[in-house]
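*Asks:* Shown below is the structure under consideration.
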Amino acid sequence: MDHLFSTVNGRVRGRRTAPGVVAVLGIPYAAPPFGADRFKSPRPAPAWQGVRECVGYGPIAPQSAELPGMPSWSPGDEDVLNLNVWTGEGAGDGEGADSGARPVFVWIHGGAYTFGASAQPDFDGTALVRAGLVVVTLNYRLGFEGFGHIPGSGAAGSDFPENRGLLDQIAALEWVRDNIAAFGGDPANVTVAGQSAGASSVACLTVMDRARGLFRRAVAHSLVGPAYPPRLAAETTRHVAAAAGVPATAEGLAAASPYDLVRASDQVVADFRADPAAGARHYDPVLYGPVADGVLLPADPLAADPADRADVDLLVCHTTEEYWLLDAVGSSKRITTDRQLDEFAEDFGLPGDLVPAYRALLPDAPVLDLYLAIFGDMSFAEYSSRFADRHAGAGRRTYLSRFARKRVTEGGVVRPWHCADVPFAFGTLADPGLAFLIGGPPLPEDHELSRRMVRAWADFAATGEPGWGTDTVRIWGAEGEGETYDGFRAAWRTADYADIHP
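Per this note's numbering, the sequence shown starts with residue -12, numbered consecutively.
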């Protein structure tokens, strides 16, 4: 069977990757964002003649990360605005639809807005296709290329918008609108989903006028926030320009290559980590993120006016021990004394009753665990829960869940930490490259949990109902324990994200 599909730019050929499943990989959805188009809004992809072979992943965005199973970026890779489609065999040119138009599930990867790609093995769409969906995963500009502030951006007539990575995501959703029917998908039934930075990207899309009408539902795992104020984005640019040895101007930054800005960004991260005077950025510096510029992104998604929120169904999930992963991979400063913990709380502007509340909730925990619990809840869990609360408060149908699955191994307890829920929801947990994330080869009960999570995603994408009510919280992996997380949420009752230092 010749797996051919017609897009508005030309025909593409995919390949059969599993029984009943076809993957079409590395399809350009916009022009390469370099040369004359660097730091600008995405431009339409050029058309091509004949059939484009799309049987391998496309280039990834400039970054220094080298993740297991993911291709690395090489200077000179430019066609980075590409996406992948997984669909059922039988969809495509001259082959007929296999079972009519399917719901579409569009995935935005995470990675601190600085690393990651759609080619990561946990994002394989096979299980979700078998559950009845068409799956799209995409690359977008990262780091300075995607989220760095260009002096003068946002001003009238500026060619250099803020939030270029978000604009790339919107361009990919527009491609889905215009092309997905050829792959057996329903352009009127699109769910946009993501995890971590990808989840916060999803949240931003729900309050951006430019994204209206491009999706019907949203899934957000472990949102991280809040969005950056313009002053912080401008300060980051000054640091990065200095590290790159160029003026902090549009011309100076354009003169630095993507490789130069990746290296400079890594240097700034290292400088912040080594400098206690860096305040909040000393603990786990994330340089880039969506900028609440009041133009493209009107406000942080948590603070946005309810009337500005898209009328979409929302499914939110977070893990219950998010930050333990960041500690395990060494990306976060270690805090081991009470004095350090108090300094951490002061540097972030946390309310005075927060640390005592966690000490009461975890009376036997060492300081490091208290720190990781607070940091993880501040960065992900509480922000995720509040975003769900605000969306529901705006009258939108909203579902909340938490991932609490633990596993005891010879090396200790593998916690329900950041990213651990993703392979369960994608049905990719058997990939050997994910053994560290889930604590070894999956057990039978892990496969059963994954089947239920895949089914919940597929049902939500198809109907807007994941299998539980909007007035309950689904706990994945610890249902029998009845874990509710209510005590930790209560500890944040006096905290306002407007007062927390990014």
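Glycine included, C-beta positions come from ideal geometry on N, C-alpha and C.
Can you round the beta-carbon distance between ASP262 and ALA214 to whole angstroms, since I take them to be within the 8 Å contact cut?
*Replies:* In fact, because the Cβ distance is near 24 Å, the residues do not count as touching under 8 Å.
*Asks:* Taking the straight line between their C-alpha atoms, what separation do you get for ASN176 and ASN126?
*Replies:* So the alpha carbons of these two residues sit roughly 21 Å apart.
*Asks:* Can you list, in chain order, the residues of its chain with a C-beta nearer than 6 Å to that of TRP444? Leave out the 5 residues immediately preceding and following it.
*Replies:* ALA412
*Asks:* Counting Cβ pairs closer than 8 Å, one from the segment 274 to 282 and one from the segment 173 to 193, do we hit at least three?
*Replies:* Yes, the segment 274 to 282 touches the segment 173 to 193.
*Asks:* Which one of TRP94, ALA88, GLU238, ALA231 has the shortest CA to CA distance from ALA494?
*Replies:* Absent from the model: residue 494. The displayed extent of the chain is -12 to 489, so no value can be given.
*Asks:* At a cut of 8 Å, does the segment 316 to 336 reach the segment 400 to 410 through at least three beta carbon pairs?
*Replies:* Because the criterion of three Cβ pairs below 8 Å is not met, the segment 316 to 336 and the segment 400 to 410 do not touch.
*Asks:* Go ahead and label ARG377 buried or exposed: buried means 16 or more other beta carbons lie within 10 angstroms of its beta carbon, across all protein chains shown.
*Replies:* With 16 or more other CB atoms across the displayed protein chains lying within 10 angstroms of its CB, ARG377 is buried.
*Asks:* Check whether the segment 298 to 305 and the segment 382 to 389 are in contact - that is, three or more C-beta pairs closer than 8 Å.
*Replies:* yes
*Asks:* Span of the beta strand (DSSP E) holding ASN71?
*Replies:* First-last of the beta strand (DSSP E) with ASN71: 69 to 75.
*Asks:* Give the secondary structure of THR223 by DSSP, where H, G and I count as helix, E and B as strand, and everything else as coil.
*Replies:* Note: THR223 maps to helix in three-state DSSP.
*Asks:* Using alpha carbons as the reference points, say which of ASN69, PHE102, ASP483 lies closest to GLU161.
*Replies:* ASN69
*Asks:* Could you tell me the alpha carbon to alpha carbon distance between LEU(-9) and THR223, rounded to whole angstroms?
*Replies:* Just so you know, the alpha carbons of LEU(-9) and THR223 end up roughly 45 Å apart.
*Asks:* Where ALA198 and ILE361 are concerned, what is the direct C-alpha to C-alpha distance, given to the nearest angstrom?
*Replies:* 33 Å
*Asks:* From the DSSP output, in three-state form, read off ALA407 for me.
*Replies:* coil
*Asks:* Rounded to a whole number of angstroms, what is the C-alpha to C-alpha distance between GLU432 and PRO148?
*Replies:* Whole-angstrom Cα-Cα distance: 47 Å.
*Asks:* Taking the alpha carbon of PHE21 as the point to measure from, which residue in PRO55, VAL460, ALA235, PRO62 has its own alpha carbon closest?
*Replies:* PRO62
*Asks:* Taking a contact to mean a Cβ-Cβ separation below 8 Å, would you say ILE47 touches ALA106 in this structure?
*Replies:* A contact, by the Cβ cut-off of 8 Å.
*Asks:* In this structure, does DSSP put GLY172 in helix, strand or coil?
*Replies:* strand
*Asks:* Write down the C-beta distance between ILE157 and LEU201 rounded to the nearest angstrom, noting that I regard them as a contact closer than 8 Å.
*Replies:* 7 Å
*Asks:* Alpha carbon to alpha carbon, how far is GLY339 from GLY172? Give it in angstroms, no decimals.
*Replies:* 51 Å
*Asks:* Between the alpha carbons of PHE259 and ARG402, how many angstroms are there, rounded?
*Replies:* 28 Å
*Asks:* CA-CA distance, ALA5 and ARG392?
*Replies:* 28 Å
*Asks:* Tell me, to the nearest whole angstrom, how far the beta carbon of SER371 is from that of LEU120; I am working on the premise that it is less than 8 Å.
*Replies:* Not really, about 23 Å apart at Cβ, beyond 8 Å.
*Asks:* LEU341 by DSSP, collapsed to three states: which one?
*Replies:* helix
*Asks:* Helix, strand or coil: which one does DSSP assign to PRO293?
*Replies:* helix
*Asks:* Under the rule that 16 or more other beta-carbon atoms within 10 Å means buried, what is THR178, buried or exposed?
*Replies:* buried
*Asks:* Strictly by DSSP, which residues pair up with CYS304?
*Replies:* HIS208, SER388
*Asks:* Taking ALA159 as the reference, give the member of ARG(-2), VAL441, ILE14, GLU65 with the closest Cα.
*Replies:* ILE14
*Asks:* Smallest Cα separation from ALA205: which of SER318, TRP94, CYS406, GLU40?
*Replies:* TRP94
*Asks:* Reducing DSSP to helix, strand and coil, say where TRP444 ends up.
*Replies:* helix
*Asks:* What alpha helix (DSSP H) runs, 4 residues minimum, are completely inside the segment 324 to 369?
*Replies:* Under the rule that a run must span 4 or more residues, the alpha helix (DSSP H) segments found entirely inside the segment 324 to 369 read 325 to 335, 341 to 348, 354 to 363.
*Asks:* Taking just the CA atoms, how far does THR113 sit from GLY83?
*Replies:* Its pLDDT being 43, under 50, GLY83 is placed unreliably by the model, and the measurement read from it follows with that caveat. C-alpha separation (whole angstroms): 20 Å.
*Asks:* Quick one: what does DSSP say ALA477 is sitting in, helix, strand or coil?
*Replies:* helix
*Asks:* Could you tell me which whole alpha helix (DSSP H) segments of length 4 or greater appear in the segment 232 to 286?
*Replies:* 237 to 242, 245 to 261
*Asks:* Can you tell me where the alpha helix (DSSP H) with GLU161 in it begins and where it stops?
*Replies:* 151 to 166
*Asks:* On a CA-only basis, which of ILE487, GLY266, PRO234, LEU54 is nearest HIS96? Give me that one, please.
*Replies:* LEU54
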